[in-house]
Amino acid sequence: MWTLQTAGGDRINIFDNMLERSLWDNSGYRMWFEAMESGQTDRWISYPILVGAAKRGRFLEAFSVQPRMPDARPDNTPRPEDIWALYGRHWWHTLSSLSAEDTIVFDTETTGVNPELDEAVSIVVQSYAAPKGAPVAYHTLIAPRFPEKILEQNADQQSAYDIHGIHPDDLEGQPSFPDIHGTLWEIMRGKNWVCWNTDFAVMLLDSLCLRHQLPLIPRNRVACAMKLLSSAAFSRLSTVRRRLAFALMVVSLHQHCPGDSFREWSQYQPLHAYNHPPQTRATGFVDN
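Here the sequence shown is numbered in the numbering used here, starting from 24 and rising by one per residue.
Written out as structure tokens, the structure is:
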């Protein structure tokens, strides 16, 4: 069993990568979670970064042992200082250029893996840099038109529910994509976008807009974290662990690199009017 503890002292018990209950912090995404196992603290993690870069629950596995260098043990996620030592200059150039402009990081959960046919069931949008406008912290579940697709199994006998844990029952009464399109337009329009797999995530948003006869959301530059982390040293890491490595890379840039000019995530103020608090089920969990 794992226990996540917030800076405010709230605890969440986790059994088999499933949240026993969901925690929604009305102060927004100003949360710092501590991964704990048997009372031993491994590391503090910025939850706003993780929620946009690592799949829910999966990141805990990476902290069951002390992280090591990727070349020493490929199945363990490298420490932030290791990533900085290996790729800091390259990442610093890329991320510092984005920090000079309004930039958001976003992630979605979907009913499947076809961006032209499947639908989003969850989206989180978080400011990475906001030099010109107000910072953003937004999360909502999304009611798809065909929620039953979440339970359909693929060739590997896995369903979308098995991967992200969002059940069709969780989506009853949640806003549809047309309901949130105006909000996404307001907080994402004209900004740089950073996401894990741009080929999927950006195409998914465009496809959803077209399917609902809504205008496409314009953007400036788009950065693909997956491609930025496609170096040989990370090629042996699983996708989930590379997502975590991306999150830790951002954390390391905030905390360790010289002349740090980035805003601290914990200083961002959410736009409370945008938040749709998630609903929970006794046997499942939703994104926080």
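Virtual Cβ for every residue (Gly too), placed ideally from N, Cα, C. The structure displayed is predicted, hence computed values, not measured ones.
Span of the alpha helix (DSSP H), counted from its first residue to its last, around residue i
i, result
"Ile186", "Ala183 to His187"
Residue from the options whose Cα sits closest to the Cα of residue i
i, options, result
"Pro154", "Leu233, Leu121 and Gly205", "Leu121"
"Asp202", "His190, Gln236, Cys247 and Gln149", "Gln236"
"Glu132", "Tyr151, Ala157, Phe223 and Ala160", "Phe223"
"Ile240", "Pro138, Val148, Leu207 and Ala183", "Leu207"
"Phe169", "Asn220, Met226, Cys232 and Ser199", "Ser199"
"Ala183", "Asp192, Gly135, Arg244 and Val147", "Gly135"
"Glu139", "Leu228, Thr221 and Asn243", "Leu228"
"Thr221", "His204, Arg244 and Leu174", "Arg244"
"Tyr161", "Glu171, His190, Ile210 and Ile173", "Ile210"
"Asp192", "Cys232, Leu174, Gln149 and Ser230", "Leu174"
"Ala246", "Pro238, Trp219 and Glu195", "Trp219"
"Glu171", "Ile189, Gln180, Pro158 and Leu233", "Ile189"
Element boundaries [beta strand (DSSP E), containing residue i]
i, result
"Asn220", "Where Asn220 is concerned, there is no enclosing beta strand (DSSP E), given that its DSSP letter is neither H nor E."
Residues that residue i bridges to, as DSSP identifies them
i, result
"Trp208", "Paired residue(s): none; Trp208 is not in a bridge."
"Asn215", "Thr126"
"Val245", "Trp216"
Residue-chain proximity (residue i, chain D), Cβ-Cβ < 8 Å
i, result
"Leu164", "Here there is only one protein chain, and chain D is not present."
Looking at C-beta atoms only, is the number of pairs between the segment 211 to 218 and the segment 120 to 128 that lie closer than 8 Å three or more?
yes
Segments of 3+ residues assigned as beta strand (DSSP E) that fall wholly inside the segment 116 to 204
126 to 133, 143 to 152 and 160 to 164
Count the C-beta pairs between the segment 162 to 180 and the segment 133 to 145 that are closer than 8 Å, then say yes if the count reaches three, no if not.
yes
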